[in-house]
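Anchor point for the sequence shown: position 29 equals 29 in the UniProt record's numbering, and the numbering is continuous, going up by one each time. Glycine is no exception: its CB is placed at the ideal position from the N, C-alpha and C atoms. This one's a predicted model, so the numbers in the text were calculated from it and none came from an experiment. Read through the structure below, which is laid out as structure tokens, and then see the notes.
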Amino acid sequence: MALFTYLVVALGVLLIDAVLELAFITSMVAWLHNTASGTFAVNFNGSTFDLYGIPKHFLVDQGHSSNGAAGTAIVLICIGGSLVLFLRSQPNIIGAKATSFFYGAWLVILVLGLMLTIGSLGYVFSVTNAHKGQTIDLDAASKTGNHKYALDTWTPQNWFPAMLKLDLADESQRNDIANHLRIMRGWQYNLIPLFLVQLTTTVLAILEFLERRKTRPSAGEYDSVKRTSGEQKIVATATP
């Protein structure tokens, strides 16, 4: 019973953290499309030029994988798990066999979801660290004209710190970039607690499953109890 309580609490914490992860990523994507897709005025050599807020070679697949990991945790693990645990407590709703099937499928999804989160965690940090410390060539940037900056390959967590090192003409744009950079780093580092909570949830679910399986009577024990009960009924009937 204690393991089940811990499992329910872990699912609740996982749901909150996954929603937070999804909210961070959604906020970043909306800002990239609505604001960063435009231009930012940069002071250079006594004049000003416009620089597109998104470079030509911009890596975003790591964001998609993190978004998928968070979505899987919310829909399949937390919401789906809550439904499965409810059906397990009321096996007559869809039948014992169907309930057992969905419960087993959910345990498999738990493991697969954990693997997806681990993959996303490693992918995001490896790609981001691979481009760490890159800087924008101001001479090349000032000559881009109506084109995006084409030198190097960038991630959101690398490109915008490089932009903040430029002499941006509009201070409000600088503040806007700085605020959204915190959100970008937020979803990146939130993958760590997401992984830890999901690992805890998976371990608790497996332990709770093994505990229930251990305490549940085996088929032989069930037949023995059923046979003994039948014999007692016969004796009771035969007794005058």
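Proximal residues to residue i (C-beta, below 8 Å), its chain only, five neighbours per side dropped
| i | result |
| --- | --- |
| Ile54 | Leu32, Ala36, Ser37, Lys148, Trp159 |
Selection from the options that minimises the alpha carbon distance to residue i
| i | options | result |
| --- | --- | --- |
| Thr99 | Asp50, Leu83, Gly119, Met163 | Leu83 |
| Met184 | Ala140, Pro156, Ala96 | Pro156 |
| residue 310 | Leu114, Asp50, Asp137 | It is not possible to answer for residue 310, since the shown part of the chain is limited to 1 through 240. |
| Ala105 | Thr215, Lys214, Phe209 | Phe209 |
| Gly71 | Glu211, Leu191, Thr215, Arg213 | Leu191 |
| residue 244 | Thr202, Gly119, Tyr189 | As shown, the chain starts at 1 and ends at 240. That puts residue 244 outside it, with no answer to give. |
| Gln134 | Asn92, Pro161, Phe101, Ala141 | Pro161 |
Cut-off 7 Å between Cβ atoms - residues of its own chain near residue i, not counting five sequence neighbours on either side
| i | result |
| --- | --- |
| Gly186 | Phe24 |
| Tyr103 | Val84, Arg88 |
| Thr153 | His57, Leu59, His131 |
Residues bridged to residue i (per DSSP)
| i | result |
| --- | --- |
| Tyr189 | Tyr189 is not bridged to any residue. |
| Tyr52 | Thr39 |
| Ser47 | Phe44 |
| Leu168 | Val42 |
6 Å CB neighbourhood of residue i in its chain, flanking five on each side removed
| i | result |
| --- | --- |
| Ala2 | none |
| Thr128 | Thr155, Gln157 |
Anticipated Cβ contact below 8 Å, residue i with residue j, distance rounded
| i | j | result |
| --- | --- | --- |
| Phe40 | Met163 | 7 Å |
| residue 282 | Val8 | The question about residue 282 has no answer, for the chain in this structure spans 1 to 240. |
| Val124 | Gln62 | 4 Å |
| Thr117 | Phe44 | Their Cβ separation, rounded to whole angstroms, is 42 Å, which puts Thr117 and Phe44 out of contact at 8 Å. |
| Ala52 | Leu204 | Reading off the sequence shown, one finds Tyr at residue 52, where the question assumed Ala. That belief does not hold up - the Cβ atoms of Tyr52 and Leu204 are roughly 47 Å apart, past 8 Å. |
| Ser65 | Ser120 | 4 Å |
*Inspect the CB distances between the region 6-15 and the region 108-126 and report whether three or more fall short of 8 Å.*
For the pair of segments examined, the region 6-15 was found not to touch the region 108-126: the number of CB pairs separated by less than 8 Å stays below three.
_Count Cβ pairs between the region 169-179 and the region 74-83 that sit closer than 8 Å; are there 3 or more?_
no
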